[in-house]
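In case it helps, my numbering puts the sequence shown at residues 89 to 216. Worksheet for the structure shown next.
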Amino acid sequence: MKKIKQLIIAALLISGFSFVTFAPSVGAVSAVTDACTQLANKDSTVCKSQGDSVGPIVGTVVDTLLFLLGLAAVVVIIIAGFTYVTSSGEAAAITRAKNMILYAVVGLVVAFSAYAIIHWVLHAFGKA
89 MKKIKQLIIA ALLISGFSFV TFAPSVGAVS AVTDACTQLA NKDSTVCKSQ
139 GDSVGPIVGT VVDTLLFLLG LAAVVVIIIA GFTYVTSSGE AAAITRAKNM
189 ILYAVVGLVV AFSAYAIIHW VLHAFGKA
């Protein structure tokens, strides 16, 4: 029961950090856009960087984190399978292996659900 509680707390912390990552932009961007439209020389560095977006950077970070999470889950499942095979019928080792597999799969489901929700929200608001 304690491990499930820790898993839920970890999932809530991760989802809380994702809200910080996708904070709304501030009004300074519109000020730079207005200044760039009024400038006769739009070759300045500030105006060139204005078209850049944070979206591709966030997408790369999220994809990398999902890859690492998937890799970690596969490693945990392989270790759990090895533990299960070498348990020699011990009930405690079998239970430990089954719990490892369960937690790895639950972690993957939570991570991909969070990714799907973030993806849906970004597309719903036209940010991606």
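Note that beta-carbon positions come from the ideal geometry of N, C-alpha and C, so glycine has one too. These numbers were taken from a predicted model, which means no experiment stands behind them.
Could you tell me the boundaries of the alpha helix (DSSP H) in which F200 lies? A179 to A212
Does DSSP classify T171 as helix, strand or coil? helix
Classify G84 as buried or exposed, calling it buried when 16 or more other Cβ atoms lie within 10 Å of its own Cβ. Since the first residue of the chain shown is 89 and the last is 216, residue 84 is not available in this structure.
Would you say S175 and A185 are within 8 angstroms of each other, going by their C-beta atoms? Yes; because the gap between Cβ atoms is below 8 angstroms, this pair is in contact.
What distance in whole Å lies between the Cβ atoms of M188 and I166, which are believed to be in contact at a cut-off of 8 angstroms? Not quite, the Cβ-Cβ distance comes to about 10 angstroms (not below 8 angstroms), so this is no contact.
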